[in-house]
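> Line by line, the protein sequences give chains Z and D. Using the working numbering, the first residue of the first sequence is number 11, and each one after it goes up by one. Using the working numbering, the first residue of the second sequence is number 61, and each one after it goes up by one. Every residue, glycine too, gets a C-beta built ideally from N, C-alpha and C. This is the structure I have questions about; it appears just below.
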Amino acid sequence: MRRGTRDRSEDGTDGPGAGSGAADAPRRRRRGLPPALWPAALLLALAVAGPWLAPHDPLATDMAASLRPPSAAHWFGTDTLGRDVFSRVLAAARLDLAMAVAAVALSALPGIALGAACGLRGGWPDRAVGRLSDALMAFPLFVVALALAAVLGNSVGSVVLATAAINLPFYLRLARTEVAARRGAAYVQAARLAGLGGAALLRRVLLPNALPVLAVQASTNLGWAILNGAGLCFLGLGVRPPTPEWGVLVSEGAQVLLAGQWWVGAFPGLALFGAVYAFALAGDALRDRLDPRRRP
Amino acid sequence: MTAPLLRVEDLSVRFGTRDGAVRALDGLSFALDAGETLALVGASGSGKSTAALAVAGLLDPAARVTGGSIRLRGRELRTLDARGWQAVRRQDLAMVFQQPRRALDPVRRIGDQLADALRVREGLRGAAARDRAVALLAAMGLDDPAGRLRARPHQLSGGQCQRVLIALALTGRPALLLADEPTTALDAATQAAVLALISVQAQARGMATLWVTHDLALAAQRADRIAVLEHGRIVDRLPAAALAPDPYATPAQGAAAQAGWHARTRRSWTTATDPAPPGRPETTGPGTRATGKSGSTDGSGSGDSMDAGTAPPLLAVQGLRRRFGDRAAVDGVDFVLRRGRALGLVGESGAGKSTVAALVARLLDADGGAAWLDGGAARPDSRPAGSEGIAGTAAVSAAADLLAVPAAAAHRAPWRRRVQMVLQDPLDSLDPSARACDAIAQPLARLERLRGAALAQRVREAADLARLPQALLQRYPHQLSGGQAARVAIARAIAVRPDLLVLDEPTSALDAAVQQEVLAMLAGLQRATGMAYLFVSHDLRLVRRLCDTVLVMRHGRIVEQGPTDRVFGQPAQDYTRALLAAVPGGLPGDCAGPAGHPG
């Protein structure tokens, strides 16, 4: 059994501490980014500034220094062609992040728009779109990527499109559920009384309230998108050597792993791990920030 | 002398808020003997609910008990751990909460929830549990108890949910029943039935009952003793007999007793039986009440005929019908509402009042009938459409067929600005992600296309009209109390200066003090703006204060209608009489019989 409603007094100062202090009291705004967002911010900064921060040219080969373990000169060691692994990992951050952001944007924006419209409309259009989206979800990533590569040519673009296509049904379904759950709410009825309907209702009332959930999804999804993209590149799609990309780097490292040169593949792998983790943390922090109930 | 069942001594509870500690309870002491009924009465914020929750161990995590003791059957509750609390709650305690729907799990069947309680508190399982559950529900007065076991809370009415809650509370053999405003959310007839049920069951089982309520009349009816709380401490203790009117007293004695009652308990938050607030014409005797603007008492707001020579009524409804599944929620409703008048719609829960309100405001589609705005009975006048004035003057307004557009497209209708509604739960009707000022600005921006400074100005005006302090405009709904949210909801509805305002139980979630203020504000608003009200309420006292005409509904049909004074003073139908008799404390000045005594 859940508790009944709380007693609220007229001027809002009594009753359970539900954050209902006087409006004139200064709000305790947190300065700067919350700690949960630091890893993601760091990642972004590294991605942007990567090429300038790299101590060596990511593409410069040096056969004499091939397969050196990590040392002062090469923090992450060198790979089979003598390239500095650290510089390559750093340079790859840019490409991976760009692919992930593009894929998420391409899947989230249409997915949310279409899902929200279906959620509000209901009826047979909702069901039809739902079934189409289910069909899309049934395709494995690799199959879609191969098909797109065959049609569009093997490029970064087709990898991004494949990732976006796989992810779209999740946004569609989530947006649809969030909107459908709220469409009978009293404040939505009040918005109708105020003259809002259709697209305006979605834009101003339903989506802002669904935003925290969608933002968390998008942020976690960024992590998955990185993995998807890196996975496809690992398999040889999209990016060709010598372009540094984490998946490709892991693939290069896998070839020498059994010979004992662990650093070639381990550090790119750790970078992937770090990126996914950073975005998961960011998702949590975003949700906290966006939830209106936690606002001062 | 035996020790009391429950002894609370010097209890202090503190809440940590951002602005420092708030003392919810400040040295509260009372005792309750076995089988006795004690009512804790007080305004919202006085700490009465906190006291009940403290006894049940259900205080908010932000609350800390900073002193005192609570002893139940001699056992100190403050020092209990989780296991200890489990044992206490299983064996000795039962609680009934205020909002029955919210206190039941919405996704599970009633039968499953009852089975849980029976398993834990009576050790019954399987068929034995099922039979006992059926017996319990039958004892609670629910029809078709076996069928109800399979139902989910949303399929039951508020009153039925509350009966289920009481059944849950009565499993096992609790020695103490805590009732936290269990009937505030219910209409008067159901209230009376539920209260009687609790009293009867408590007496039959020898349970002690701790009532928490803001309704002094109710407390006088049901309790043995009354303790009045203010600011977390008890400021007055009375035996209830001091307040109950004597059925054998002469009218003079009765009036003197009433006066004595008011003198003794004059507090700002007592119920609508208080004298009218300033601004409303005083009653001059039983049954009379100066009616609103035009002062006519010919019942021109009732029934079918239009006065000869006057403008068509603002709202004319004929044969309105709506079914939900195989149930006729509204079954042929006709009424007429004139400009500047207030029409009350009363009846018990399930009568179809809220459905009629939603149909008129066009949030729902009707299955049949007609509703005309400023129009005649059957055909639209041939006045040009679109002549509705922005400033909401009563000048040339087009006749409009409200049912011409489906509800899904009603937001675009040209008459949308003229018909507005205040929904039932004020906190739910505000967008949780928008500030109060944005909520009020929304209809203005949308329906009148205002922007910038003009918009801000109108928002301020609306807030002033609704007596909402400007400082509250920047708050989010979760930072507002129920009364403040009600005012925001009303400000938002009146901001566009509608001709017709539909109010669906706008004060049922509020306590008596706030109710008074909101009512006074609504009455003043009507005088100032000439808006017509369609006021749906289960509380006859409020309808009496505000409305000059009243419709009594039952099972989707109008049972009786006419001027409020006539209908409440000399009801023609038995059902109306039953409704009137169920009002706790009675309506002041009516002749429906001795007030306040349970049947």
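As a quick exercise: from Z/L300, Z/R137 and Z/A103, pick the residue whose alpha carbon is nearest that of Z/L217.
For the purposes of this step, residue 217 of chain Z is identified with residue 207 of the first sequence, where counting begins at 1. Minimum Cα distance to Z/L217 is reached at Z/L300.
> Who are the neighbours of Z/G207 on chain D, taking C-beta pairs under 9 Å?
Locating residue 207 of chain Z in the first sequence gives position 197, counting from the first residue. Neighbours of Z/G207 on chain D, chain order: A468, A469, A470, H471 and R472.
> Helix, strand or coil for D/Q480? Go by DSSP, reduced to three states.
Taking the first residue of the second sequence as 1, we reach residue 480 of chain D at position 420. Strand at D/Q480.
> With a cut-off of 8 Å, do at least 3 Cβ pairs link the region 537–555 of chain D to the region 477–491 of chain D?
yes
> Of the residues Z/L130, Z/C243, Z/L156 and Z/T230, which one's Cα is nearest the Cα of Z/P278?
Residue numbering aside, residue 278 of chain Z sits at position 268 when the first sequence is read from its first letter. Comparing Cα-Cα distances from Z/P278 to each of Z/L130, Z/C243, Z/L156 and Z/T230, the minimum goes to Z/C243.
> Using a Cβ cut-off of 8 Å (strictly closer), state whether D/M200 contacts chain Z.
As a working note, residue 200 of chain D is residue 140 in the second sequence. Output row for D/M200: interface = no.
> Under DSSP, the alpha helix (DSSP H) around Z/W62 begins and ends at which residues?
Sequence index remark: in the first sequence, residue 62 of chain Z carries index 52 (1-based). Its alpha helix (DSSP H) spans residues W48 to L63.
> Please report the residue range of the beta strand (DSSP E) in which D/P299 lies.
Here residue 299 of chain D is taken as the residue at index 239 of the second sequence, counted from 1. Unbroken beta strand (DSSP E) run through D/P299: R293 to P299.
> Contact check, D/A501 vs D/L515 under 8 Å by CB: the rounded distance?
The residue labelled residue 501 of chain D in the question sits at position 441 within the second sequence. The residue labelled residue 515 of chain D in the question sits at position 455 within the second sequence. 6 Å between Cβ atoms; contact.
> Name the chain D residues whose beta carbon is nearer than 7 Å to that of Z/Q199?
Position 189 of the first sequence, counted from the first residue, corresponds to residue 199 of chain Z. The contacting residues are L423 and L483.
> When DSSP labels each residue in this structure, what does D/D634 get in the three-state scheme?
In the second sequence, residue 634 of chain D corresponds to position 574, counting from 1. DSSP places D/D634 in helix when its eight states are reduced to three.
> Helix, strand or coil: which one does DSSP assign to Z/P36?
Sequence index remark: in the first sequence, residue 36 of chain Z carries index 26 (1-based). At Z/P36, the pLDDT of 41 sits below 50, so the modelled position is not reliable; the number obtained from the coordinates is stated separately. DSSP places Z/P36 in coil when its eight states are reduced to three.
> From the beta carbon of Z/R202, is the nearest beta carbon of chain D less than 8 Å away?
By one-based count along the first sequence, residue 202 of chain Z stands at place 192. Yes - at least one Cβ of chain D is within 8 Å of the one on Z/R202.
> If I measure Cβ to Cβ from Z/L69 and keep anything under 6 Å in the same chain, skipping five residues before and after, which residues do I get?
Here residue 69 of chain Z refers to the residue found at position 59 when the first sequence is read from its first residue. Taken in chain order, the residues that qualify are P252.
> Could you list the residues in the region 481–506 of chain D with a C-beta less than 7 Å from some C-beta on chain Z, going in chain order?
M481, L483, D485, D488, S489, L490, D491, P492, S493, Q502, P503 and R506
> Going by the beta-carbon positions, is the gap between D/Q151 and D/T244 smaller than 8 Å?
Your numbering for residue 151 of chain D matches position 91 in the second sequence. Your numbering for residue 244 of chain D matches position 184 in the second sequence. Pairing D/Q151 with D/T244 gives a Cβ-Cβ distance that is not under 8 Å.
> Would you say D/R399 faces chain Z, with C-beta separation under 8 Å as the test?
Here residue 399 of chain D refers to the residue found at position 339 of the second sequence. Chain Z, which has no Cβ nearer than 8 Å to the Cβ of D/R399, makes this no.
> Cβ of Z/T90 within 8 Å of Cβ of Z/A75?
Locating residue 90 of chain Z in the first sequence gives position 80, counting from the first residue. Locating residue 75 of chain Z in the first sequence gives position 65, counting from the first residue. For Z/T90 and Z/A75, no; Cβs fall outside 8 Å.
> Report yes or no: do three or more beta-carbon pairs, one from the region 177–185 of chain D and one from the region 266–273 of chain D, lie closer than 8 Å?
The region 177–185 of chain D and the region 266–273 of chain D do not touch, with fewer than 3 CB-CB distances between them shorter than 8 Å.
> Once the 5 residues before and after D/P558 are set aside, which same chain residues still bring their CB inside 8 Å of it?
Residue 558 of chain D sits at position 498 when you count from the first residue of the second sequence. The residues are G452, R477, R478, V479, Q480 and M591.
> Contact criterion: CB-CB distance below 8 Å. Does Z/V58 meet it with respect to chain D?
Stepping through the first sequence from its first residue, residue 58 of chain Z is reached at position 48. Taking Cβ atoms only, chain D never reaches closer than 8 Å to Z/V58, which makes this a no.
> Would a check of beta-carbon distances place D/S72 closer than 8 Å to chain Z?
Taking the second sequence and counting its residues from 1, one reaches residue 72 of chain D at position 12. Not flagged as an interface residue toward chain Z: D/S72, since no C-beta distance is shorter than 8 Å.
> Quick check: is the beta carbon of Z/V8 nearer than 8 Å to any beta carbon in chain D?
It is not possible to answer for residue 8 of chain Z, since the shown part of chain Z is limited to 11 through 306.
> Tell me, please, whether the CB atom of D/R223 is closer than 8 Å to any CB atom in chain Z?
Along the second sequence, one-based indexing puts residue 223 of chain D at 163. False, the Cβ-Cβ gap to chain Z never drops below 8 Å.
> Residues in the same chain with beta-carbon distance under 6 Å from D/L228, minus the five sequence neighbours each way, listed in chain order, please.
Mapped onto the second sequence, residue 228 of chain D falls at position 168. For D/L228, where only same-chain residues beyond five positions count, the Cβ hits under 6 Å are A177.
> Mind checking which residues open and close the beta strand (DSSP E) that includes D/W271?
As a first step, residue 271 of chain D is located in the second sequence; it is residue number 211 there, counting from the start. Per DSSP, D/W271 belongs to the beta strand (DSSP E) from A268 to T273.
> Is the Cβ-Cβ distance between Z/P135 and Z/C128 less than 8 Å?
Residue numbering aside, residue 135 of chain Z sits at position 125 when the first sequence is read from its first letter. Residue numbering aside, residue 128 of chain Z sits at position 118 when the first sequence is read from its first letter. Contact: yes.
> Would you say Z/A196 lies against chain D (beta-carbon separation less than 8 Å)?
Counted from its first residue, the first sequence places residue 196 of chain Z at position 186. Yes, contact with chain D.
> D/F384: buried (16+ other C-beta within 10 angstroms of its C-beta) or exposed?
Locating residue 384 of chain D in the second sequence gives position 324, where the first residue counts as 1. D/F384 is exposed by the Cβ-count criterion.
> Find the residues of chain D that neighbour Z/P218, judging by a C-beta separation of less than 9 Å, and give them in chain order.
The sequence position of residue 218 of chain Z within the first sequence is 208, counting from 1. What Z/P218 touches in chain D: D491, S493 and A494.
> Could you tell me the alpha carbon to alpha carbon distance between Z/P26 and D/A123, rounded to whole angstroms?
Your numbering for residue 26 of chain Z matches position 16 in the first sequence. Your numbering for residue 123 of chain D matches position 63 in the second sequence. Note that Z/P26 scores a pLDDT of 35, beneath 50, so its modelled location is shaky and nothing firm can be said.
> Distance, Cα to Cα, D/L174 vs D/P213?
For the purposes of this step, residue 174 of chain D is taken as residue 114 along the second sequence, with counting starting at 1. For the purposes of this step, residue 213 of chain D is taken as residue 153 along the second sequence, with counting starting at 1. If I take the Cα positions, the gap works out to 12 Å.
> Any beta-carbon of chain C closer than 8 Å to the one on D/R476?
Here the protein chains are Z and D, and chain C is not one of them.
> My output table needs one value for Z/A82: the three-state DSSP class, helix, strand or coil.
For the purposes of this step, residue 82 of chain Z is taken as residue 72 along the first sequence, with counting starting at 1. Residue state, collapsed to three classes: coil.
> Does the region 624–636 of chain D come within contact of the region 424–438 of chain D, defined as at least 3 CB pairs closer than 8 Å?
When C-beta atoms of the region 624–636 of chain D are compared with those of the region 424–438 of chain D, fewer than three pairs fall below 8 Å, so the two segments do not count as touching.
> Among all the DSSP beta bridges, which residues are the ones paired with D/L433?
Stepping through the second sequence from its first residue, residue 433 of chain D is reached at position 373. According to DSSP, D/L433 bridges with D/L375 and D/A460.
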